[in-house]
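Input: a single structure, listed below in structure tokens.
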Amino acid sequence: MKARVTVTLKTGVLDPQGQAIEGSLKSLGFSGVGAVRQGKVFDLALEGSDEAAARTTLTTMCEKLLANTVIENYAIEISN
């Protein structure tokens with residue numbers, strides 16, 4: 124089973140890296156780009172076939188390590 128965890132900053136949290144990317148895109152001539160937010164993606168290979176158990180384990184991983192839940196949100200996608 125495969126899983127993808129996408130971690131993004133919560134709305135209202137300052138994103139200086141996103142702002143830097145936005146500025147760089149504009150300086151490279153890409154117009155019409157605004158409100159860039161930077162995040163991170165984790166792709167994981169999981170053993171087993173129990174999707175509910177995998178989701179529970181992934182949630183625990185996010186809460187303990189992959190996301191800083193004070194300032195970040197996370198989304199879990201599971202595929203076979």
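As numbered in my numbering, residues 124 to 203 make up the sequence shown, in order. Note that CB positions come from ideal geometry on N, CA and C, so glycine has one too. Since the structure is predicted, the reported quantities are computational estimates derived from the model, not experimental observations.
Query: Comparing C-alpha positions only, which one of SER202, ILE194 and ILE201 sits nearest to ASP138?; Result: ILE194
Query: Which runs of the beta strand (DSSP E), 3 residues or longer, sit entirely within the region 150 to 190?; Result: 162 to 168
Query: Within 10 Å of its beta-carbon, does ALA175 have 16 or more other beta-carbons around it, so buried, or fewer, so exposed?; Result: exposed
Query: What residue from GLN161, ILE144 and VAL136 has the CA that sits closest to PHE153's CA?; Result: ILE144
Query: May I ask you to report which of helix, strand or coil DSSP gives LEU132?; Result: strand
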